[in-house]
Amino acid sequence: MYRYDEYDHQMLSDRIAQFRNQTARFLEGKLAPAEFLPLRLQNGLYVQRLAPMLRVAIPYGMLSSTQLRKLAYIADHFDKGYGHFTTRQNIQFNWPAIADVPDILAHLAEVEMHAIQTSGNCIRNTTTDQFAGAAANEIEDSRPWCEIIRQWSTFHPEFAFLPRKFKIAVCGTQDDQAATQVHDIGLFIVRNEEGELGFRVLAGGGLGRTPVIGKQIRAFLPWQHLLSYLDAILRVYNREGRRDNKYKARIKILVKETGIEQFQRKVEKEWLALKDGPLTLTEAEFQRCKAFFKDPTYLPLEPFSPELEHALNTDVLFAAWHNQNVDAHKMPGYSIVTLCLKATGIAPGDITSEQMRFVADLADRYSFGELRVTHEQNLVLADVARKDLHALWTALKSQDLHAPNLGLLTDIVCCPGGDFCSLANAKSIPIAESIQRRFDDPEQLRKIGRLSVNISGCMNACGHHHVGNIGILGVDKKGEEYYQISLGGSAENLTALGDIVGPSFAQEDIPDVMEKLIRVFEEHREHEERFVDTYRRIGITPFKEALYGKAD
Amino acid sequence: MARLIKDRAIVDDHWVLVREPVDGQALRELNGQDVILPLQSWLELREDLPLRKGRTGAWLKNIELPESLAPWLTQIPLIALDFPVFTDGRGYSSARELRQNLGYEGELRAIGDVLCDQLFYMSRCGFNAFALRADQNLDAAACRFEDFKDAYQASVVNPLPLFRRRLGRSS
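Taken in order, these protein sequences are the chains called A and B. For the first sequence, the tail end lands on 552 under the working numbering, and the numbers increase by one without skipping. For the second sequence, the tail end lands on 1171 under the working numbering, and the numbers increase by one without skipping.
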C-alpha cells in the first residue's frame, strides 16, 4: 500500500488546521453558511436530513487493517457504531457533529486517511478494480497510477471550483470491474504494438440525470503524458463546462454539446501547451509509486489444497459460498475472497464497528493486513491462501459476514436514499430489504445466477441504477414514493444503460414486479444464460407484457 | 483609498476599476489616473492608450479568454480577472493560462467575490494581487497564504511538481 512521507503528512496536517479554522469561524457566525458550504464539502461534510454526514476517502478502495480499526474507533466515538460503504469505494458516517469533524479528521490523519475532495465540485476519489494487483486476468496493476492521480488531484489549485463534480476511474484488468465507461474520465491501461504502456482515454461518461457512456478521445496516451493530458481535459472543462444549470454542468453535457471531435481538438490544443513540461511523469516517479504496491510475500503453495478439497466435499454451505464469493488469483494456491455486505435486513454496504475490528483481524491473519472496498459496496480480502478458506469462512459465519450471494440478485447496490439523504425522492434501503426477503431461497438465487440490482433514491443515481441489469429508481409521484424499473443495464466491458420498462410502481409492488421479471427470464433463458444476456437476446417486450399486460 | 493585498503585503490601491465600458471621451476624463478598463474598451481604445497620462490595465469577465490580449501582454501593467461569485472557478484557469502559456509577467489581480479562503489556490494559479470583497478582514486574509507549506502540483509559484523535487531530495 502507499505510505505517506513527511510531505504527505505535512499537507494533511495543514489541511486539518485550515479546516479547524474554517469550522470555528462558521460556528462563531463569522463565515456565512453559503461560503462555508464548498469548504466543508471538499472536506467530505454534508448536512443531511437528520444530521451531518462525513464521507471519508478510501483512495481506490485500498484499506489496511490499521485503518479499518481506526474507522471502527470513529464509528464508536463520533457516530452510532457503524459506517456505510459507498458506490465510490468510500465510507460514510451518518451521525457526526459538525464541531467534532476537525478532530475526526485528525484521527484519520494518524492512519494516513482523510476526507479531502470526497464531495464538492472538484476532482473526487479515483476508483479502480477491487482486484488490482491480485487478479488473474490483469494487464497492469492500476494502483500506482491511481496514486499518481490522487496526488495530482489533491488540492489542485485550478480545479477546486469546477462546474460540477468530476470522477476518474482506472481499469487495468481484462474484465472491467470499475464501471470505467461511466466516469467523467475513464482510463484503460493498454499496451501499444511496441509493447509500451499507456492509456486509452475516455471522456464524458457519467450517470446522474443524463446517463452517458464515455467516448474515446485518445486511443493511446503514453504514460509519461498522463498528468499533462488530464490537466488539459480539466482545463477545457473548467473553462467551457456549463455553469448556468446544475443539471447540465457535468463534462458529459459539454462533450455532447461540443461534439466529440471538436472537444478532442480543444483538449489536444491545450495539451500541446503543457506537453513535455514539468508535468511529464518520470520513470523514477512511476517506479517509486509502483514499489508501494509490490506483491506481499506469497508462500510457495501448491495450486491444489487437500484441506480445501475435503471441506468443499463435506460442507455444502461452505461450497456454495466458495462457488460464489471466491475468485481466481494470479498466484497458485491463493484466492480472492469477497465479503458480501448484503445480509438481509442490513442496509447494503453497512458495517458495524464490531464487524470492522473483526474483519481487520481476519485481514491480518489471512490476507497480509490489507483489504479493498468495492464499488458494489462489499469488502475484499485479496490474498487468501486456498488452504485457509474454510477457516476464514467459519470465522465469517460468527459475525454474519458469510452471505453467499456475491453477484446474485440479493447483492443489491443501494444508495442511503430517503432514510438519510436530503436529495432523495424516495427510500431505497427498505426496497432492497423487501426484495431480499422475497428471494430468500439460496438455491433459487443460485439458479437465477448473476444478476445485478441497483437502487437509487433519486435521479442523482448514487445507486448506479442505469447500469443495473435491473435498475430501480425512486421517483416522486404527487408526493408519493414510486419506483421506475429499467432493464438491461451493465457496467461491465459491454457497458449498457438500462431501458425504462414503463410506468412506475408503488413500493409494496416491487417484490411482485421482481418475481414477474424473473419468471420471464426463466421462461426464455437458454442453458446457463445470465439475465442480461437473455435480455439482450429477447428484448424488453416480454418483460413489458408480463408487467403491464399485452398491448392491443 | 481602498486597500488590497499585493505580493502578500497590505497596500493602498492606486488603481481605479472602471466597471462599465467607456469611450475615448470618458477615458480622457480619467486622464492622470491609473485605470483598469473592461477588456472590450481596452481593445477598442488600445491605440490611444500610450498617449494618456496614467497607466492602463484591463479586466476580464469570467467568460472572456485571456488569449485576446496575447499580442500586447508585455505592454499591460495589470490584468484583473473578475469573480462574479467565488464558486465560479474559470478565473483560476485563465490565470494559469496567462502565466504559464502566455508568459504574462505583470500584476494579475483577482477582483469581485474574492474571499480569504480562496487566496492560497489563487496565488498558486498566478494571482499576485487580491482586491478582496469589502467585508473581508485583510490582516486575517494575509495569513491564508501560509495555509499549506507545500503542494503536489506544479504551480505558478513552484513550477516543479512535488514528484520532481521529492526525488531530487532523496537521491
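Virtual Cβ for every residue (Gly too), placed ideally from N, Cα, C.
Assuming F166(A) and D184(A) make a contact with CB atoms under 8 Å, what is their CB distance in whole Å? Locating residue 166(A) in the first sequence gives position 166, where the first residue counts as 1. Locating residue 184(A) in the first sequence gives position 184, where the first residue counts as 1. F166(A) to D184(A), Cβ: 5 Å. Contact.
Between F155(A) and chain B, is any beta-carbon pair separated by less than 7 Å? Within the first sequence, numbered from 1, the residue matching residue 155(A) stands at position 155. Output row for F155(A): interface = yes.
Output yes if chain B places a C-beta closer than 7 Å to the C-beta of P404(A); else output no. The residue you call residue 404(A) lines up with position 404 of the first sequence. No, P404(A) lies away from the interface with chain B (no Cβ there is under 7 Å from its Cβ).
Contact defined as beta carbons within less than 8 Å: I believe P1159(B) pairs with P278(A). What is the distance between those atoms, to the nearest angstrom? The residue given as residue 1159(B) occupies position 159 in the second sequence. The residue given as residue 278(A) occupies position 278 in the first sequence. Going by Cβ atoms, the distance from P1159(B) to P278(A) rounds to 6 Å, so yes, they are a contact pair.
Could you pull out every unbroken beta strand (DSSP E) segment of at least 3 residues lying fully inside the region 367–423 of chain A, listed in chain order? If we require 3 residues or more, the beta strand (DSSP E) runs fully inside the region 367–423 of chain A come out as 370–373, 379–385.
So, is A1038(B) buried or exposed, given that buried needs 16 or more other C-beta atoms within 10 angstroms? As a working mapping, residue 1038(B) is identified with position 38 in the second sequence. According to the sequence displayed, residue 1038(B) carries Pro and not Ala. Flag for P1038(B) reads buried.
Reduced DSSP secondary structure (H/G/I, E/B, other) of M53(A): As a first step, residue 53(A) is located in the first sequence; it is residue number 53 there, counting from the start. In this structure, DSSP gives M53(A) an extended state, which the three-state scheme calls strand.
Determine the chain B residues that contact M11(A) at a beta-carbon separation under 8 Å, and present them in chain order. Position 11 of the first sequence, counted from the start, is the residue given in the question as residue 11(A). Taking the beta carbon of M11(A) as reference, the chain B residues within 8 Å of it are F1148, K1149, D1150, A1151, Y1152, listed in sequence order.
Report the residue from T534(A), S434(A), A115(A), S64(A) whose alpha carbon sits nearest the alpha carbon of A506(A). As a first step, residue 506(A) is located in the first sequence; it is residue number 506 there, counting from the start. Minimum Cα distance to A506(A) is reached at S434(A).
Residues, ordered as in the chain, of the region 1102–1118 of chain B that lie near chain A by beta-carbon distance below 7 Å: Flagged, chain order: L1115, D1117.
Tell me the DSSP secondary structure of C1125(B) in three-state form. Translated into positions along the second sequence, residue 1125(B) becomes position 125. DSSP places C1125(B) outside both helix and strand once states are collapsed to three, so it counts as coil.
So which residues on chain A does L1160(B) lean against when the C-beta distance must stay under 9 Å? In the second sequence, counting from the first residue as 1, residue 1160(B) sits at position 160. Taking the beta carbon of L1160(B) as reference, the chain A residues within 9 Å of it are P278, listed in sequence order.
Contact criterion: CB-CB distance below 7 Å. Does L39(A) meet it with respect to chain B? Within the first sequence, the letter at position 39 stands for residue 39(A). Interface residue, yes.
Is the region 411–420 of chain A close to the region 369–383 of chain A, with three or more CB pairs under 8 Å? Flag = yes, the region 411–420 of chain A and the region 369–383 of chain A touch.
Starting from H84(A), trace the beta strand (DSSP E) in both directions and tell me its first and last residue. Here residue 84(A) refers to the residue found at position 84 of the first sequence. That run of the beta strand (DSSP E) goes 82–85.
Does the beta carbon of L272(A) come closer than 7 Å to any beta carbon on chain B? Numbered from 1 along the first sequence, position 272 holds the residue referred to as residue 272(A). For L272(A), the answer is no, since every Cβ of chain B falls outside 7 Å of its Cβ.
Look at the Cβ atom of I116(A), then the Cβ atom of S153(A), and state whether they are nearer than 7 Å. As a first step, residue 116(A) must be located in the first sequence, where it is residue number 116. As a first step, residue 153(A) must be located in the first sequence, where it is residue number 153. In terms of Cβ geometry, I116(A) and S153(A) do not form a close pair [threshold 7 Å].
Could you list which residues in chain B have their beta carbon closer than 9 Å to that of R566(A), in chain order? Chain A is shown only over 1 to 552; residue 566(A) falls outside these bounds and no answer can be derived.
Does the region 31–38 of chain A touch the region 91–110 of chain A, meaning 3 or more C-beta pairs lie closer than 8 Å? At 8 Å Cβ cutoff, the stretches do not touch.
From N137(A) to N192(A), what does the alpha carbon distance come to, in whole angstroms? By 1-based counting over the first sequence, the position of residue 137(A) is 137. By 1-based counting over the first sequence, the position of residue 192(A) is 192. Near 18 Å, if we compare the C-alpha coordinates of N192(A) and N137(A).
Between E138(A) and the ligand NAP, is the CB less than 6 Å from at least one heavy atom? No copy of the ligand NAP appears in this structure; indeed no ligand is present at all.
To which residues of the same chain is Y82(A) closer than 7 Å at the C-beta, ignoring the five residues directly before and after it? Along the first sequence, read from residue 1 onward, the residue named residue 82(A) stands at position 82. Around Y82(A): A75, D350, I351, T352, S353.
Pairwise C-alpha distance: K269(A) and Q174(A): Translated into positions along the first sequence, residue 174(A) becomes position 174. Translated into positions along the first sequence, residue 269(A) becomes position 269. Taking the straight line joining both Cα atoms gives about 32 Å.
Same chain only: Cβ atoms within 7 Å of A1142(B), ignoring 5 sequence neighbours per side: The count along the second sequence starts at 1 and reaches residue 1142(B) at position 142. The answer, listed in chain order, is I1005, R1008, I1010.
Beta-carbon spacing of A496(A), G489(A) below 7 Å: Within the first sequence, the letter at position 496 stands for residue 496(A). Within the first sequence, the letter at position 489 stands for residue 489(A). It is a contact, given that the beta carbons lie within the stated cut-off.
Kindly list the residues whose CB is nearer than 7 Å to the CB of S13(A), restricted to its own chain and excluding five residues on each side of it in sequence; keep chain order. Translated into positions along the first sequence, residue 13(A) becomes position 13. Excluding its 5 nearest sequence neighbours in each direction, S13(A) has C-beta neighbours in its own chain below 7 Å: A109, listed in chain order.
Got a sec, what are the start and stop residues for the beta strand (DSSP E) Y247(A) sits in? In the first sequence, residue 247(A) corresponds to position 247, counting from 1. From DSSP, Y247(A) is part of no beta strand (DSSP E); its letter is neither H nor E.
Between which two residues does the beta strand (DSSP E) holding V532(A) run? For the purposes of this step, residue 532(A) is taken as the residue at position 532 of the first sequence. Where V532(A) is concerned, there is no enclosing beta strand (DSSP E), although the alpha helix (DSSP H) it sits in stretches over 531–538.
How big is the Cα-Cα spacing for I1111(B) and A1080(B)? Your numbering for residue 1111(B) matches position 111 in the second sequence. Your numbering for residue 1080(B) matches position 80 in the second sequence. Computed Cα separation, rounded: 6 Å.
Under 8 Å by beta carbon: chain B residues contacting E35(A): For the purposes of this step, residue 35(A) is identified with residue 35 of the first sequence, where counting begins at 1. Listed by position along chain B, the residues whose Cβ is nearer than 8 Å to that of E35(A) are F1086, L1115, D1117.
Rounded to a whole number of angstroms, what is the C-alpha to C-alpha distance between N1137(B) and P1077(B)? Mapped onto the second sequence, residue 1137(B) falls at position 137. Mapped onto the second sequence, residue 1077(B) falls at position 77. Answer to the nearest angstrom: the Cα atoms are 27 Å apart.
Considering only C-alpha positions, which residue in the set H84(A), N460(A), H465(A), V212(A) is nearest to Q484(A)? Along the first sequence, one-based indexing puts residue 484(A) at 484. Taking only the C-alpha atoms, the option nearest Q484(A) is H465(A).
F304(A), buried or exposed, once every other Cβ within 10 Å from all chains shown has been counted against 16: On the first sequence, residue 304(A) is found 304 positions in, with the first residue counted as 1. Exposed: under 16 other Cβ atoms inside 10 Å.
Any beta carbon from chain B within less than 7 Å of A160(A)'s own beta carbon? Here residue 160(A) refers to the residue found at position 160 of the first sequence. It does: the Cβ of A160(A) has a partner Cβ on chain B nearer than 7 Å.
Say whether chain C places a C-beta atom closer than 7 Å to the C-beta of N238(A). Of the chains in the structure shown, none is chain C; the protein chains are A and B.
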